[in-house]
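Per our numbering, the very first residue in the sequence shown carries number 26; after that it's consecutive.
Written out below as structure tokens is the structure these notes cover.
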Amino acid sequence: MIIFTNKFLDIELNKEKSLFIWSWKADTNYMTPEELFEYCQIIADNIMLYECQYLISDGTNMQFIITPEYQEKIFKIIAPVVSFVKKFAHILPSEFVANIAARQIWEEDHKGTYVEKYFSSLEEAKEWLFQ
Numbered sequence: 026m027i028i029f030t031n032k033f034l035d036i037e038l039n040k041e042k043s044l045f046i047w048s049w050k051a052d053t054n055y056m057t058p059e060e061l062f063e064y065c066q067i068i069a070d071n072i073m074l075y076e077c078q079y080l081i082s083d084g085t086n087m088q089f090i091i092t093p094e095y096q097e098k099i100f101k102i103i104a105p106v107v108s109f110v111k112k113f114a115h116i117l118p119s120e121f122v123a124n125i126a127a128r129q130i131w132e133e134d135h136k137g138t139y140v141e142k143y144f145s146s147l148e149e150a151k152e153w154l155f156q
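As structure tokens, this is what we get:
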């Protein structure tokens, strides 16, 4: 079920599977840094609220350029709320620069006990999460 949607972001929850998915949309190329951080906080708040064990971050359509400074701030927002997560799948955007930025966010020294992996499709990510 979709629990949040706007022109930049969809957040989907499957309570039965303990699955939380956030998907960035192509309109993110019009997003401001402040909006990016605001939506990352909404993601973090909902991760805490629902305590899902499986996460998917879908950046396939992300058009916002994430600088190293933004990477650090995103990581500081999301990382503290994933202590109960078992697996975290990342779907990378096709654009090369955004691809590198997305990986760098999560390659920070996180304290999580979860396993994470990168994919190019939602189907591959879901298959891995529930194998």
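All C-beta atoms in this analysis are idealised placements derived from N, C-alpha and C, irrespective of residue type, glycine included.
As the structure is a computational prediction, the values presented were derived from the model and not from experiment.
Determine the contact status of residue i and residue j, defining contact as a CB-CB distance below 8 Å.
{"i": "T53", "j": "F33", "result": "yes"}
{"i": "Y79", "j": "K50", "result": "no"}
{"i": "G84", "j": "I36", "result": "no"}
Can you tell me where the alpha helix (DSSP H) with residue i in it begins and where it stops?
{"i": "N71", "result": "58–75"}
{"i": "E141", "result": "Where E141 is concerned, there is no enclosing alpha helix (DSSP H), although the beta strand (DSSP E) it sits in stretches over 140–144."}
{"i": "L147", "result": "147–154"}
Assuming residue i and residue j are in contact, meaning their beta carbons sit under 8 Å apart, how far apart are those beta carbons, in whole angstroms?
{"i": "I81", "j": "A114", "result": "5 Å"}
{"i": "Y75", "j": "F45", "result": "6 Å"}
{"i": "Y139", "j": "V107", "result": "6 Å"}
Measuring only the C-alpha atoms, how far is residue i from residue j?
{"i": "I103", "j": "E149", "result": "23 Å"}
{"i": "Y143", "j": "E59", "result": "26 Å"}
{"i": "F100", "j": "F155", "result": "25 Å"}
{"i": "L38", "j": "F29", "result": "9 Å"}
{"i": "E152", "j": "S146", "result": "10 Å"}
{"i": "S43", "j": "M26", "result": "12 Å"}
{"i": "S48", "j": "I90", "result": "16 Å"}
Considering residue i, what are the terminal residues of the beta strand (DSSP E) in which it resides?
{"i": "I27", "result": "27–30"}
{"i": "F45", "result": "44–49"}
{"i": "E37", "result": "34–39"}
{"i": "F100", "result": "Segment 93–103 is the alpha helix (DSSP H) holding F100; no beta strand (DSSP E) there."}
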